[in-house]
């Protein structure tokens, strides 16, 4: 057999199950529960049954893998020492027959609903599960011996809950699984390949705009493989210390949602570095799956920098980041049908949905279907996603919030939680203004809004695109100056600057035209960290919105410039000022050459006054190249000549700066091409 041991009853059972093609059923967390129930019928408690079935699932999975002999041997030896293994061994033939019959049939049936206990069992480490089993007195010694051999494991969670038992926005949240999961066969096959790779450690990134179903895809992967893997999402508070000297006690899939937060990206980069360097010690495979809206931008560079460098970080990357696209027409119709609409009705709605959301996001198909199923007249369909989301908010308030007695103070707390990415009640209570906000807090009412327990922490409203619109709509200024928005914005920057930066960056992608967005996007009133984070986001805002809203982009640049001048000991602000100026040049030089020359002059001055800050010279090289292109297009020969001289000088004076060399190379290619023509 694969572990070199004698061929015994356990090996035979594993071989029979594998040969009958049942491995994929045991890997599935939903289906493996049926085997646990079967063992319970002949005297094995469910806690022990979970461990026994997981062990068999792992043996079946790794028996067919060429690199699985080590895993197989460890699992087999451990399985034989588990509580109640003697009972399992006596009935192993009956279990095998059951798996060949009932489990295979169960694959085509409706899956059982999930609850928190089920979700917790998938995220628990082997050690946690053994501790539960060890509460039975006569098993204490056996379990303790195994626990002593295991190292602490990282904490994971799965936000699964029963959509039928919840009301309000929860039915759109990925953890409810209310929206039909369709049309992702190719993506799931690639993710299976990610888990099944021979390497001990791999990481990968899935990216796509809000509403495409990134979190749902990761959740379905967890359930698809949770029968034989420990699976779950890393908490936002995860740090690299959580895996320091950690050795996995079974195959494990770690999912990191919202990976772009500055500290989040740094900690994930350090985690990748640590796991990569120690992966040769791992007896079981480790996979880290990152989820984010984009695959470039500043956050991925920060992740790589904290992971050592690009080459080291990417060495164990599975493939190029996987973009998650929209659904086909058939997939969108199936999503709408899951909300109770007839097939003919979905065919009528599809053109309206495609006009509103050409990208084919399942979330918007679900929102539209839910509204129509709830009685919305067809003559009042939506022209834009903003209208649809606004309508959803109005209907939810009438159906659920008003009957529950939700107050304006409750909404203020929800808005703050959205801005911060969640708020601890203790942290909020420690602030003078926080005590005022919490004066009328009622955990039951808050749960109606968020769907989460609110006794210790105020959770944000999800899906996040709905939460973003809620904040902007709730805090939008009235006809007179409304200090509430400014106070809430400043409080969020003080309490959770990273969360606020993430909120602002996401809202800028989804609702940059909302009346409240410009006020929300104003620079924070205080705090060096908040100022740096805001500047990082503002650089992105300028790059994203300069062409469509040049006045706002120029205003944001002026605010960054002021912050940099007011904090002369903060090089990060100077770096962001230079990047912001470069973004303005790239987008607006063609329409305002004089302003572009001034912005380039600002970068030149920063670089000259701070010669030790290499990032400024690199940005100057990029800005010179962008200005060169603009001058060439407008026919400004003098400006074109000046930029050529600047780029060549920067390359000569900075032979060790790769950006300066790359820009000079691109310039040479353009000039050579022009000469040949």
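Numbering (this note's numbering), first residue to last: 836 to 1512. Beta carbons are placed, not taken as given, at the ideal position from N, Cα and C, and that holds for glycine.
DSSP three-state assignment for residue i, whether helix, strand or coil
i: residue 1480; result: helix
i: residue 1297; result: coil
i: residue 1064; result: coil
i: residue 1367; result: helix
i: residue 1130; result: coil
i: residue 1087; result: strand
i: residue 1283; result: helix
i: residue 1189; result: helix
i: residue 1122; result: strand
i: residue 1037; result: strand
i: residue 992; result: strand
i: residue 1080; result: coil
i: residue 1513; result: Within the shown structure, residues of the chain are numbered from 836 to 1512, placing residue 1513 beyond reach of any answer.
i: residue 1378; result: helix
i: residue 1489; result: coil
i: residue 1448; result: coil
i: residue 1238; result: coil
i: residue 1014; result: coil
i: residue 859; result: helix
i: residue 877; result: coil
i: residue 960; result: coil
i: residue 1144; result: coil
i: residue 951; result: helix
i: residue 1092; result: coil
i: residue 1441; result: helix
i: residue 1405; result: coil
Close-in-space but distant-in-sequence residues of the same chain around residue i (CB under 7 angstroms, 5 per side omitted)
i: residue 922; result: 878, 879
i: residue 1176; result: 1204, 1207, 1208
i: residue 1192; result: 1199, 1220
i: residue 1248; result: 1272, 1276, 1281, 1293
i: residue 1102; result: 1073, 1074, 1075
i: residue 1467; result: 1475
i: residue 1495; result: 1452, 1453, 1456, 1485, 1486, 1489
i: residue 919; result: 879, 883, 887
i: residue 926; result: 877
i: residue 1449; result: 1492
i: residue 1505; result: none
Assumed close pair residue i, residue j - CB separation to whole angstroms, cut-off 8 angstroms
i: residue 1292; j: residue 1258; result: 7 angstroms
i: residue 1062; j: residue 867; result: 4 angstroms
i: residue 1142; j: residue 1107; result: 5 angstroms
i: residue 1310; j: residue 1323; result: 6 angstroms
i: residue 1159; j: residue 1022; result: 7 angstroms
i: residue 1137; j: residue 1100; result: 5 angstroms
i: residue 1058; j: residue 865; result: 6 angstroms
i: residue 1431; j: residue 1424; result: 4 angstroms
i: residue 1085; j: residue 1065; result: 5 angstroms
Close Cβ partners of residue i (< 6 angstroms) along its chain, the five nearest in sequence each way excluded
i: residue 1035; result: 1114, 1117, 1120
i: residue 964; result: 886
i: residue 910; result: 890, 893, 894
i: residue 1039; result: 1029, 1124, 1153
i: residue 1284; result: 1249
i: residue 1047; result: 1159, 1196
i: residue 1314; result: For residue 1314, the predicted structure reports a pLDDT of 47, less than 50, and the residue's modelled location is therefore unreliable. The matter cannot be settled from this model.
i: residue 1300; result: 1045, 1046, 1345
i: residue 1290; result: 1278
i: residue 1173; result: 1015
Residues that residue i bridges to, as DSSP identifies them
i: residue 1256; result: None; residue 1256 has no bridge partner.
i: residue 1158; result: 1042
i: residue 1292; result: 1259
i: residue 1152; result: 1038
8 angstroms CB neighbourhood of residue i in its chain, flanking five on each side removed
i: residue 1502; result: 1460, 1463, 1479, 1482, 1483
i: residue 1411; result: 1367, 1370, 1371, 1373, 1374, 1395, 1399
i: residue 840; result: Its pLDDT being 43, under 50, residue 840 is placed unreliably in this model, and the coordinates cannot settle the point.
i: residue 1378; result: 1418, 1421, 1422
i: residue 1145; result: 1139
Contact with chain B by residue i, beta-carbon distance below 9 angstroms
i: residue 858; result: Any reference to chain B falls outside this structure, which holds one protein chain only.
Self-check item: Inter-stretch contact (C-beta, 8 angstroms, three-pair minimum) for the segment 1139-1155 and the segment 1056-1074
Solution: Verdict: no, contact absent.
Exercise. Report yes or no: do three or more beta-carbon pairs, one from the segment 1365-1384 and one from the segment 1399-1417, lie closer than 8 angstroms?
Key: The way I'd put it, the segment 1365-1384 does touch the segment 1399-1417; three or more beta-carbon pairs between them come closer than 8 angstroms.
Self-check item: Contact the segment 1018-1037 vs the segment 847-857: 3+ CB pairs below 8 angstroms
Solution: Contact fails: fewer than three Cβ-Cβ distances are below 8 angstroms.
Quiz item: Taking contact to mean at least 3 C-beta pairs separated by less than 8 angstroms, is the segment 1158-1174 in contact with the segment 1199-1206?
Solution: yes
Self-check item: Stretch pair the segment 1407-1419 + the segment 1453-1460: three plus CB contacts closer than 8 angstroms
Solution: Enough Cβ pairs lie closer than 8 angstroms, so yes.
Quiz item: With contact counted as at least three CB pairs below 8 angstroms, one residue from each stretch, are the segment 1345-1362 and the segment 1371-1388 in contact?
Solution: yes
Quiz item: So, do the segment 1320-1340 and the segment 1276-1294 have three or more beta carbon pairs nearer to each other than 8 angstroms?
Solution: no
Quiz item: Does the segment 1258-1269 come close enough to the segment 1219-1238 to have 3 or more Cβ pairs within less than 8 angstroms?
Solution: no
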